[in-house]
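Trainee: If you count the sequence shown from 1, position 146 lands on 146 in the UniProt record's numbering, and the numbers rise without skipping.
Just so it is clear, CB atoms sit at the ideal spot from N, CA and C, and this is done for glycine as well.
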Amino acid sequence: MSLIQQIFADLFHLLFPKKCNGCGNTLFNGEKTICIKCLHDLPFTDFHLYPENPAARLFWGRLPIHQVNALLYFKKGTKVQQLIHQLKYQGQTDIGFLLGKMMGEKMLLSEQRPDLIVPIPLHQKKQRSRGYNQSLSIAEGIAHILQCPINTYLLVRKINTTTQTKKSRYERFENLKAAFELQQSFNLNNLHILLVDDLLTTGATLEACGKLLLDNGLNKLSIATLAYTK
Ligand SMILES: [Zn+2]
Numbered sequence: 001m002s003l004i005q006q007i008f009a010d011l012f013h014l015l016f017p018k019k020c021n022g023c024g025n026t027l028f029n030g031e032k033t034i035c036i037k038c039l040h041d042l043p044f045t046d047f048h049l050y051p052e053n054p055a056a057r058l059f060w061g062r063l064p065i066h067q068v069n070a071l072l073y074f075k076k077g078t079k080v081q082q083l084i085h086q087l088k089y090q091g092q093t094d095i096g097f098l099l100g101k102m103m104g105e106k107m108l109l110s111e112q113r114p115d116l117i118v119p120i121p122l123h124q125k126k127q128r129s130r131g132y133n134q135s136l137s138i139a140e141g142i143a144h145i146l147q148c149p150i151n152t153y154l155l156v157r158k159i160n161t162t163t164q165t166k167k168s169r170y171e172r173f174e175n176l177k178a179a180f181e182l183q184q185s186f187n188l189n190n191l192h193i194l195l196v197d198d199l200l201t202t203g204a205t206l207e208a209c210g211k212l213l214l215d216n217g218l219n220k221l222s223i224a225t226l227a228y229t230k
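1. Following the continuous alpha helix (DSSP H) through P54, name the residue where it begins and the one where it ends.
2. Using a threshold of 6 Å, is the CB atom of G22 nearer than that to any non-hydrogen atom of ligand 1?
3. Pop quiz: residue 235 and L212 are said to be a contact at Cβ under 8 Å. What is the actual Cβ separation, rounded to whole angstroms?
4. Please state whether the Cβ-Cβ distance between L27 and C38 is less than 7 Å.
5. Taking K220 as part of the alpha helix (DSSP H), name the residues at either end of that continuous run.
6. Keeping to the same chain, check which residues put their C-beta closer than 7 Å to that of L218; ignore five residues upstream and five downstream.
7. Which residues share a DSSP beta bridge with F180?
8. Under 7 Å, do A139 and P121 count as touching if we go by C-beta distance?
9. Which residues bound the beta strand (DSSP E) around D115?
10. Would you tell me roughly how many angstroms separate the C-alpha atoms of Q134 and I145, rounded to the nearest one?
11. Can you give me the Cβ contacts of Q81 inside the same chain, cut-off strictly under 8 Å, excluding the 5 residues immediately before and after it?
12. Under three-state DSSP, which class holds T201?
13. For G96 and L87, I'd like the C-alpha separation in whole angstroms.
14. Out of P114, L14, N175, Q90, point me to the one whose CA is closest to K220's CA.
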């Protein structure tokens, strides 16, 4: 950046200061999306260090998964809920990208190298009304660090599953199993795919997608979500 550009950038920042998505305070120069204090205070799980972490255990007996990563602990009324809400409903895809990059760095440290990153797709209708897929922005952050490709065509959500909160785990899974299909005649045999979603609660969506991939010959499956609900 030239001196003139820097002066204009500083002036713009002065007139239209960017706010932290976590606390609402003005961001300092060099800070982006979330201020350093908020980032420091986030409840990181460090699950990448423990293959047998609680998120991984959630899938035991359901699906053979190589590694389950979840960056943060999710609790209602916390900053994590606020950030995920802004990411999902207020167009703040920068949050997904930033936290996705942090996840990518942790995965890099634990030597996790998927061949392909697949964000959980939204139904076409939902994607159109929302204008973006929040899981794709997380996937882009991870891919930026791990330098591996993203595929948004492989998995398709053909049924718009609405609110599932009142259903049991089995009902959710049965409902979801029919909601996805594989689009391409893709050879999955030698691949390690990382499925990416925003929040891990029951794991029903990830299980349905993961099962579809493994049933169609996928060699290795891993999972990464921004947050995990205890
Ligand atoms: Zn902040």
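Mentor: Answer, in terms of the structure:
1. As a working note, residue 54 is residue 54 in the sequence shown. Here the alpha helix (DSSP H) through P54 covers 54 to 57.
2. Here residue 22 refers to the residue found at position 22 of the sequence shown. Yes, ligand 1 has a heavy atom inside 6 Å of this Cβ.
3. This structure leaves residue 235 out entirely; the chain is present only between 1 and 230.
4. As a position in the sequence shown, residue 27 is number 27, starting the count at 1. As a position in the sequence shown, residue 38 is number 38, starting the count at 1. Cβ distance not < 7 Å, so L27 and C38 don't count as in contact.
5. Taking the first residue of the sequence shown as 1, we reach residue 220 at position 220. Here K220 belongs to no alpha helix (DSSP H); instead the beta strand (DSSP E) covers 220 to 229.
6. Within the sequence shown, the letter at position 218 stands for residue 218. The residues are L188, L191, I193.
7. Position 180 of the sequence shown holds residue 180. Bridge partners of F180: R157.
8. What you label residue 139 is simply residue 139 of the sequence shown in a count that begins at 1. What you label residue 121 is simply residue 121 of the sequence shown in a count that begins at 1. No; because the gap between Cβ atoms is not below 7 Å, this pair is not in contact.
9. Here residue 115 is taken as the residue at index 115 of the sequence shown, counted from 1. Note, D115: premise wrong, no beta strand (DSSP E); not H, not E.
10. As a position in the sequence shown, residue 134 is number 134, starting the count at 1. As a position in the sequence shown, residue 145 is number 145, starting the count at 1. Roughly 18 Å between the two C-alpha positions.
11. Taking the sequence shown and counting its residues from 1, one reaches residue 81 at position 81. Cβ within range, chain order: F74, K75.
12. Here residue 201 refers to the residue found at position 201 when the sequence shown is read from its first residue. Coil.
13. Translated into positions along the sequence shown, residue 96 becomes position 96. Translated into positions along the sequence shown, residue 87 becomes position 87. Each residue's alpha carbon lies about 6 Å from the other.
14. Translated into the one-based positions of the sequence shown, residue 220 becomes position 220. Nearest of P114, L14, N175, Q90 to K220, Cα basis: P114.
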